[in-house]
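Contents: one structure, followed by commentary.
Residue numbers (our numbering), protein chains in the order written: chain W, 407 to 673; chain L, 440 to 877.
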C-alpha cells in the first residue's frame, strides 16, 4: 500500500487535507510490529499469509449506526501470523534442524512445513494437511525429537471472511527434552478435511471428536468421528463464529438488556 | 417378562430387548436373559457411583465387563464459546466454573495465558498468593477425590472424614477469597485484592488441623485390608498406555513417571519451593490413593513456605490500563464493591469514574497472537490455548481439560474387570464432569 503511492499523489492528498479512510495517512499505518508482514522479508513464491484475525473498522465495532467516537475512519487490517526468519533463538533452531533432517530421511519434502512462527517464546509450525500425519510420526519417533505426548488438539475458527478460517492446532510435548511445540493446519470451511492423527497419538481420539462436534472439521481416518459434547442429533457446529451464542433479552429495572452476542462490543 | 410393573418393563427395539430396571427386579431380568450371556447395561448418567453425570455403557458377561464406552456431554454449558463474548477479565468468572473442584487452577491458568499474551509479569506477592491458593485448592480437591472414592467403594467413614476436612479447606478459602467456590479471585494482572489481615493465623491454624487429622487416613484406609483388596491391582494402567492416551496427573505418577509440571516446567516460581513428587510403580488405584494422600502433605509443606515468603507489596500489576480499577473488599456476603472506591469515583474524581467505566465495560486490548499455558491441576495437565486477534475479547479459549483426556483411559482400565472394579477405576481417575464437558 505504502509503496504504490507516487510522491505527487501524496502531496496532493496532504494538500487537499482530506485523506481517505484507511489510506497511508490513517492511523492504521501506525501499527505495532506483527500486524503486517515486515517489509522486504524474503518470501517463497507460493507464500500464503496465515490470516489469524479479522479486519476492524472504527473504535466500537459498530456496523449498523454511525461511530460516534470520532474514529470512524480507523481501519485495522486483520492480523497475519508473521513468518519468523532464522535464527529463531534458543533451542528452536536445533529443533527445526533436527525436524527438517528427520523429514528428509523419511522422504517428506521440506515444503511440508508451510511456515514457522516464533511468538511469545512458543514455536509454531504451520503444516500442509497432506503431510500432517507424516510430520507427527517423525516428531514422535525420531530420537532427536521424541514428542511422546500430544497434550492438546484444539481448533480455532477465525471468522467468516477469513481465508482458510478453520485451524486445527496440536500442542506436542517432548517429555524427554522438556520441549513444547505447536503444529497448526489451516483449511477452508468448504473443504474441512484434515487427516486424523489418532494412529500416532491415540489421545487425539476424543479431542478430534470434540473439534468435529464444535467446528465441523472432518478428521479423515478417525476410528469413530461422532459428536461427543452435543447430542447426536444436533444441527450445526456451535463453536463456529457464524453460529449464534443464543440467549434472550432480559428486562432489568425497566431497561431491556440484549443477550451477550447482541450487545455493543468494543472489540 | 411377566411383571406388570410399568417402570420395569421390557420392550423390543432394533438392538434387541431393552429392560428398564429399577431395583429389586434383577432376578426377572436375569431369568429372562438366561442363555444369552451378553447384557448391555447403562451405568449412569445419574448414578451415585459414576462420579457425576458420566454415563458408562457396559457390555457384561456375568459380572465381567467385556466392553465399555464412556458417554459424556451431559454437563456441556458452552463456557469456551461464552468467553468469546466477554472481556478478558470477565472470562475468569466463566472458567472458574469448569472444574468446580479446582476452580483456582482454572483461574490461574487462564490468567497466566492472558498475562503471557499481554507480556506482563505479575508482582511477587500475587505469585506467591496464587501458589498458596493453588495448593490449598489441591488439598480440597484431593480430599473430595478420597471422599467420593470412599463413598463409591462403600467406605462411608472415608467420605464423612474427607468432606469434613474439605470443609476446613473451603472455610479457609472463603476467608481468603470471599467465596467457597467460583472465586474469580485470580485476575489477569494479579489477584482481585490482598488477603485479609489475619490470613497468617488462619492458614497456620488450617495447617495445624490438617497435620493432626491427616494421619487418621492412614489409620482408617491405608492399612485397611478391605480398602487394599478393593484397590490393589485394580484399574491398572502402565506408563506406555498413559503416554499413548495422554493421561497426566496422579494416574501417570502412579505408573512411575515423576511428571509434575510444577517440577518439570515450573511456573509461578515453583522452582523456589521445596517439595517432593510422590510416585508409585504399581500403576493401580491403590497407588493413586497413596499419591493423592502424599500430595496433600506436600501441598501443606508448600503452603508453609508460602507463608514465610509472603512479604508486603502490591498484588496487582502497576499498569492502570490493565489492573482492575475497583478496589474490591470482602463484605458479609462475599467479595463486593469497596465503599471507599465508590465514594471516590462517584463523588471526587470524574477521571476515575471514566477510567473505571472504560476498563470495566470495554476491557483492555490484548495484542494478537496465541499461547498455550499448561499447569499442574489436581487432575493433571490443565492447558489453556488462548488466541487473541487484538480485541478486548478472546478470539478463542480452548481448555485442555485433564478430566476430559483422562476419561479416555476408562476402557483400557476396566475391560476384562468386574463391575465393582470399574467403579474403583473411575474413582481413581477422579474426573470432574464440569471440567470434562465444559
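Built from N, CA and C at the ideal position, the CB exists for glycine as well. For clarity, every value in this text was computed on a predicted model and none was experimentally measured.
C-alpha gap between residue i and residue j, whole angstroms
| i | j | result |
| --- | --- | --- |
| residue 590/W | residue 577/W | 9 Å |
| residue 604/L | residue 579/L | 8 Å |
| residue 549/W | residue 504/W | 10 Å |
| residue 569/W | residue 737/L | 50 Å |
| residue 909/L | residue 483/W | The requested residue 909/L does not occur in the structure, where chain L is confined to residues 440 to 877. |
| residue 604/W | residue 480/W | 45 Å |
| residue 626/W | residue 534/W | 15 Å |
| residue 652/W | residue 529/W | 36 Å |
| residue 632/L | residue 515/W | 54 Å |
| residue 464/W | residue 477/W | 5 Å |
| residue 657/W | residue 663/W | 6 Å |
| residue 689/L | residue 816/L | 10 Å |
| residue 415/W | residue 455/W | Low confidence applies here, because residue 415/W scores a pLDDT of 46, under 50, leaving its location unreliable; read the following figure in that light. Looking at the two C-alpha atoms, the distance is approximately 29 Å. |
| residue 441/W | residue 585/L | Low confidence applies here, because residue 441/W scores a pLDDT of 46, under 50, leaving its location unreliable and the question unanswered by this model. |
| residue 595/W | residue 647/W | 12 Å |
| residue 874/L | residue 479/L | 28 Å |
| residue 734/L | residue 525/L | 36 Å |
| residue 872/L | residue 692/L | 22 Å |
| residue 564/L | residue 626/L | 14 Å |
| residue 661/W | residue 641/W | 33 Å |
| residue 540/L | residue 558/W | 21 Å |
| residue 537/L | residue 510/W | 43 Å |
| residue 552/L | residue 454/L | 47 Å |
| residue 841/L | residue 748/L | 30 Å |
| residue 724/L | residue 695/L | 13 Å |
| residue 630/L | residue 754/L | 6 Å |
Outcome for residue i when other beta-carbon atoms lying within 10 angstroms are tallied against a minimum of 16
| i | result |
| --- | --- |
| residue 573/W | buried |
| residue 606/W | buried |
| residue 666/L | buried |
| residue 843/L | buried |
| residue 497/W | exposed |
| residue 601/L | buried |
| residue 776/L | exposed |
| residue 860/L | buried |
| residue 594/L | buried |
| residue 451/L | exposed |
| residue 751/L | exposed |
| residue 508/W | buried |
| residue 575/L | buried |
| residue 509/L | buried |
Closer than 7 Å at the beta carbon, the chain L residues around residue i
| i | result |
| --- | --- |
| residue 532/W | Chain L residues near residue 532/W: none, gap ~12 Å exceeds 7 Å. |
| residue 556/W | 685 |
| residue 575/W | 824 |
| residue 460/W | 828 |
| residue 644/W | 517 and 520 |
Neighbour list for residue i in chain W, Cβ cutoff strictly below 9 Å
| i | result |
| --- | --- |
| residue 692/L | Within chain W, no residue comes near residue 692/L; the closest Cβ sits about 13 Å away, beyond 9 Å. |
| residue 646/L | Going along chain W, no residue has its Cβ under 9 Å from residue 646/L, so there is no contact; the nearest lies around 32 Å. |
| residue 844/L | 557, 558, 609, 612 and 613 |
| residue 709/L | Those within 9 Å of residue 709/L in chain W number zero; the least Cβ separation is about 14 Å. |
Cross-chain neighbours of residue i in chain L, by beta carbon under 8 Å
| i | result |
| --- | --- |
| residue 667/W | 524 |
| residue 584/W | 703 and 704 |
| residue 571/W | Simply none; closest approach about 11 Å. |
Chain L residues whose Cβ lies nearer than 9 Å to that of residue i
| i | result |
| --- | --- |
| residue 651/W | 517, 520, 521, 523 and 524 |
| residue 562/W | 809, 824, 826, 834, 835 and 837 |
| residue 481/W | What residue 481/W touches in chain L: nothing, since even the nearest Cβ is about 13 Å away. |
Interface residues of chain W facing residue i [CB-CB closer than 7 Å]
| i | result |
| --- | --- |
| residue 512/L | 634, 635 and 636 |
| residue 820/L | 557 |
| residue 813/L | 557 |
Chain W contact residues for residue i, given Cβ-Cβ distances below 8 Å
| i | result |
| --- | --- |
| residue 720/L | Correct list: empty, because the minimum Cβ distance to chain W is about 17 Å. |
### Task
Anything in the segment 551–581 of chain L with a Cβ closer than 9 Å to a Cβ of chain W? List those residues in chain order, please.
555, 556 and 558
### Query
What runs of the beta strand (DSSP E), each 3 residues or longer, lie entirely inside the segment 545–618 of chain W?
555–563, 572–580, 585–593 and 599–601
### Task
Select from the segment 778–793 of chain L all residues with a C-beta closer than 9 Å to any C-beta belonging to chain W, and list them in chain order.
none
### Message
In chain order, what are the residue ranges of uninterrupted alpha helix (DSSP H) at least 4 long that sit wholly in the segment 782–821 of chain L?
### Response
789–796
### Query
In chain order, what residues of the segment 693–706 of chain L put their CB closer than 9 Å to some CB of chain W?
696, 698, 703 and 704
### Query
Going along the chain, which unbroken runs of the alpha helix (DSSP H) with 4 or more residues stay wholly within the segment 516–594 of chain L?
518–522, 530–534, 542–557 and 563–591
### Task
Closer than 7 Å, Cβ to Cβ, to anything on chain L: give me those residues from the segment 623–641 of chain W, in chain order.
634, 635 and 636
### Task
Could I get the ranges of all uninterrupted alpha helix (DSSP H) runs contained in the segment 683–716 of chain L, with 4 residues as the minimum, in chain order?
689–693 and 700–703
### Task
Jot down the residue ranges of each uninterrupted alpha helix (DSSP H) in the segment 588–664 of chain L, minimum 4 residues, whole runs only, in chain order.
595–616 and 638–656
### Task
Anything in the segment 652–669 of chain L with a Cβ closer than 7 Å to a Cβ of chain W? List those residues in chain order, please.
none
### Message
At a CB distance below 7 Å, what residues from the segment 519–553 of chain W approach chain L? Give them in sequence order.
### Response
525, 526 and 528
### Task
Select from the segment 844–858 of chain L all residues with a C-beta closer than 7 Å to any C-beta belonging to chain W, and list them in chain order.
844 and 847
### Message
At 4 residues or longer, what runs of the alpha helix (DSSP H) sit wholly inside the segment 846–870 of chain L?
### Response
849–853 and 858–868
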